[in-house]
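The sequence shown begins at 799 in this note's numbering and counts up by one. From the three backbone atoms N, C-alpha and C, an ideal C-beta is built for every residue, glycine too. Quick caveat, the model's predicted, so the values are computed rather than measured. What follows is a short report on a single structure.
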Amino acid sequence: MEPVVALLVGLFVAVAAYLMLSRALVRVLLGVVVLGNAVNLLIFVSGRLTSAAPPIVPKGEATPVGYFANPLPQALILTAIVIGFAMFAFLIVLALRAYQEMHADDTDQMRLAEPDGEPNPPLEY
Numbered sequence: 799m800e801p802v803v804a805l806l807v808g809l810f811v812a813v814a815a816y817l818m819l820s821r822a823l824v825r826v827l828l829g830v831v832v833l834g835n836a837v838n839l840l841i842f843v844s845g846r847l848t849s850a851a852p853p854i855v856p857k858g859e860a861t862p863v864g865y866f867a868n869p870l871p872q873a874l875i876l877t878a879i880v881i882g883f884a885m886f887a888f889l890i891v892l893a894l895r896a897y898q899e900m901h902a903d904d905t906d907q908m909r910l911a912e913p914d915g916e917p918n919p920p921l922e923y
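So, in structure tokens, the structure goes:
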């Protein structure tokens with residue numbers, strides 16, 4: 799099962815790279831989200847896919863009995879999901895504001911800092 803999920807992570811990364819290389823700002827944002835999901839899936843697989851018991855220590859024991867699941871990847875993924883959602887919300891607001899200011903979704907047309915028709919700065923002084 800883990801090789802299948804590893805291939806799925808590779809597919810997610812490929813789709814994210816394709817979307818982020820696009821000129822449309824919405825596609826770039828979706829590429830960032832897909833890349834975040836790929837990283838979350840990679841962290842999840844690093845903790846092994848298993849049907850083991852949760853790491854609960856029975857009363858009177860020092861360690862869990864038998865084979866148990868590693869809780870660290872799930873905690874990391876939960877944190878990454880919250881951070882990823884906050885970052886995506888910020889990027890959505892930033893993209894909306896950029897569209898309102900520049901009236902363009904195409905990143906090649908967003909040339910507020912370097913407008914077309916302006917002379918280039920000198921190469922030497």
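Beta carbon of residue i nearer than 8 Å to that of residue j
i	j	result
Leu-805	Leu-817	no
Ile-875	Asn-838	yes
Val-786	Leu-840	Absent from the model: residue 786. The displayed extent of the chain is 799 to 923, so no value can be given.
Close-in-space but distant-in-sequence residues of the same chain around residue i (CB under 6 Å, 5 per side omitted)
i	result
Val-831	Phe-886
Asp-914	none
Val-803	Val-843
Own chain residues within Cβ distance below 8 Å of residue i, not counting five before or after
i	result
Gln-872	Phe-842 and Gly-845
Val-826	Leu-817, Met-818, Ser-820 and Thr-905
Residue i - DSSP class collapsed to helix/strand/coil
i	result
Ala-911	coil
Ala-822	strand
Exposure of residue i, with buried meaning 16 or more beta-carbon neighbours within 10 Å
i	result
Phe-810	buried
Leu-823	buried
Cβ neighbours of residue i in the same chain (closer than 7 Å, five flanking residues each side left out)
i	result
Asp-903	Ala-822, Leu-823, Val-824 and Tyr-897
Is the stretch 854–871 close to the stretch 894–906, with three or more CB pairs under 8 Å?
Result no; under three Cβ-Cβ pairs closer than 8 Å.
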